[in-house]
Every structure is written in C-alpha cells, then in structure tokens.
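With the sequence shown counted from 1, adding 767 to any position gets you this note's numbering.
We put the CB at the ideal spot given by N, CA and C, even for glycine.
Everything on this sheet refers to the single structure shown next.
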Amino acid sequence: MSVLNIARLGHPILREIAKPVNLKALTASGDDELQQLIDDMIDTMREEDGVGIAAPQVARSLQIIIVEYQQNERYPSQDDIPLTVYVNPKIIHSGKETASFWEGCLSLKDLRGLVTRPQEVTVEAFSREGKKMVVEAKGFLSVVLQHEIDHLLGKVFLDRMTDLTQLAWAEEWQTYWTEKESAQSPEAI
Ligand code: ZN
Numbered sequence: 768m769s770v771l772n773i774a775r776l777g778h779p780i781l782r783e784i785a786k787p788v789n790l791k792a793l794t795a796s797g798d799d800e801l802q803q804l805i806d807d808m809i810d811t812m813r814e815e816d817g818v819g820i821a822a823p824q825v826a827r828s829l830q831i832i833i834v835e836y837q838q839n840e841r842y843p844s845q846d847d848i849p850l851t852v853y854v855n856p857k858i859i860h861s862g863k864e865t866a867s868f869w870e871g872c873l874s875l876k877d878l879r880g881l882v883t884r885p886q887e888v889t890v891e892a893f894s895r896e897g898k899k900m901v902v903e904a905k906g907f908l909s910v911v912l913q914h915e916i917d918h919l920l921g922k923v924f925l926d927r928m929t930d931l932t933q934l935a936w937a938e939e940w941q942t943y944w945t946e947k948e949s950a951q952s953p954e955a956i
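Set out below in structure tokens:
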C-alpha cells in the first residue's frame with residue numbers, strides 16, 4: 768500500500784488535459800504499473816477521506832478516476848457508492864435538469880462551494896480489467912462523477928461555480944451556513 772501526495776491547486780497538472788490510458792497496457796500481464804497506480808489511488812482516496820480521486824490529483828496525467836462512498840453516521844443521507852474504477856471515462860449524455868450541491872475537493876483542501884450541475888449523466892468508461900461499461904448516474908454519484916471527470920479536463924469545481932459568494936471554508940460553513948445542528952458538512956469529493 769502506498770499513499771501518494773495530493774497535487775493541490777497551483778500544481779500545473781491540475782490544469783492539463785489528462786492522457787487516455789492505453790487499454791492494452793492496462794491489461795497486459797507482467798506489466799502492472801497501471802494496476803499499481805490504481806491500487807495506490809484507492810489507498811490515497813481512503814487515507815484522505817475522499818469520495819473520489821482522479822489521477823491528475825496524484826500528479827499523473829492519465830484518464831483514471833475512482834469513486835467510493837460508504838455511508839456513515841456523519842453523512843447519513845447519501846447513498847452508498849461501491850468502489851469503482853473508471854478508465855477513460857466520458858460523459859455521453861447529460862440530463863436537462865440541474866441541481867446544486869456543496870462540493871469539496873482534496874486538491875482544494877477545506878474549501879466548499881455550491882456547484883450547479885446536470886442531475887443525471889451517462890458515463891461510458893472501461894473497468895480496470897479493460898471491460899467497457901456504461902453507467903447511468905443520478906444524485907450524489909452523478910455529482911461525484913462529473914467532479915472527477917472535470918479533473919481529467921483540467922477543471923476544478925471553482926470553474927463550475929456561477930456565484931463565488933457561495934464559497935466557504937468547511938469550518939465557517941459549519942458555523943455560519945448550517946441552520947440545524949444536524950445539517951451535514953459537505954463532502955470532500
Ligand atoms: Zn476534486
């Protein structure tokens with residue numbers, strides 16, 4: 768297991784278009800460099816308490832994202848997201864309806880911002896075994912996938928915000944923006 772360093776905003780790789788993964792290299796026996804990277808990304812995401820991670824966030828220009836969310840007492844209202852690796856993911860369809868969600872990002876540390884995105888997306892990608900998959904996502908999974916795929920396009924959630932008054936540090940958000948004691952803190956995607 769290796770936990771990798773997180774590239775934070777200002778690292779040029781976060782502004783680059785990530786390179787597509789060579790699927791033959793992904794599944795070649797005896798060449799497990801990409802599989803090792805995927806395992807390290809999983810370790811890093813879990814260590815950092817992220818809900819998702821994209822390869823540029825560990826300073827690798829490759830089109831790989833990973834998502835996982837296990838329901839816990841702190842955030843009881845979101846659905847679980849099983850651990851899934853998406854290689855060369857592409858959004859092939861976006862729904863017309865939009866929804867706003869407070870997002871965080873491992874590369875932006877404790878900042879949280881309200882981002883409006885399509886409620887539903889369809890994502891085409893390959894599994895870590897090189898198998899093609901099509902995922903229709905809505906709700907929380909849709910937000911997480913769009914956020915992570917943005918990292919492959921050199922974008923961070925700040926670029927998707929339309930109103931920068933809706934940006935806060937997590938601690939201040941907790942203090943000033945929650946009306947109920949039970950209100951959830953936004954997640955670091
Ligand atoms: Zn992020």
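* Asked: Which ranges would you report for the alpha helix (DSSP H) in the stretch 768-798 if only whole runs of at least 4 residues count?
  -> 790-794
* Got a sec: does the ligand MN put a non-hydrogen atom nearer than 6 Å to the Cβ of residue 917? -> As presented, the structure is devoid of the ligand MN, carrying the ligand ZN as its sole ligands.
* Asked: Any idea what DSSP makes of residue 895, helix, strand or coil?
  -> coil
* Asked: Roughly how many whole angstroms lie between the Cα atoms of residue 830 and residue 895?
  -> 12 Å
* Asked: If you pair each beta-carbon of the stretch 843-850 with each one of the stretch 919-938, do three or more pairs fall below 8 Å?
  -> no
* Report the rounded CA-to-CA distance for residue 798 versus residue 804, giving the unit in angstroms. => 12 Å
* Asked: Just the Cα atoms here: how many angstroms apart are residue 967 and residue 788?
  -> A question about residue 967 goes unanswered here, because the residues of the chain that appear run from 768 up to 956.
* Is the stretch 897-904 close to the stretch 817-827, with three or more CB pairs under 8 Å? -> no
* Other residues of its chain near residue 837: CB distance less than 7 Å, five sequence neighbours each side excluded -> 847
* **Through-space distance from residue 876 to residue 938, alpha-carbon basis** => 12 Å
* **Proximal residues to residue 853 (C-beta, below 6 Å), its chain only, five neighbours per side dropped** => 832 and 892
* Asked: By how many angstroms is the C-alpha of residue 858 removed from the C-alpha of residue 889?
  -> 6 Å
* To do: Measure the alpha-carbon distance for residue 850 versus residue 886 and round it to whole angstroms.
  => 21 Å
* Close beta carbons around residue 816, own chain, < 7 Å, minus the five adjacent residues each side -> 955
* What do you reckon, are the CB atoms on residue 921 and residue 782 nearer than 7 Å? -> yes
* **Beta bridge counterpart(s) of residue 871 as assigned by DSSP** => 955
* Tell me where the beta strand (DSSP E) around residue 878 begins and ends. => 878-885
* **Exposure label - residue 812; buried when at least 16 CB within 10 Å** => buried
* Beta-carbon proximity check, residue 795 vs residue 919, cutoff 7 Å -> no
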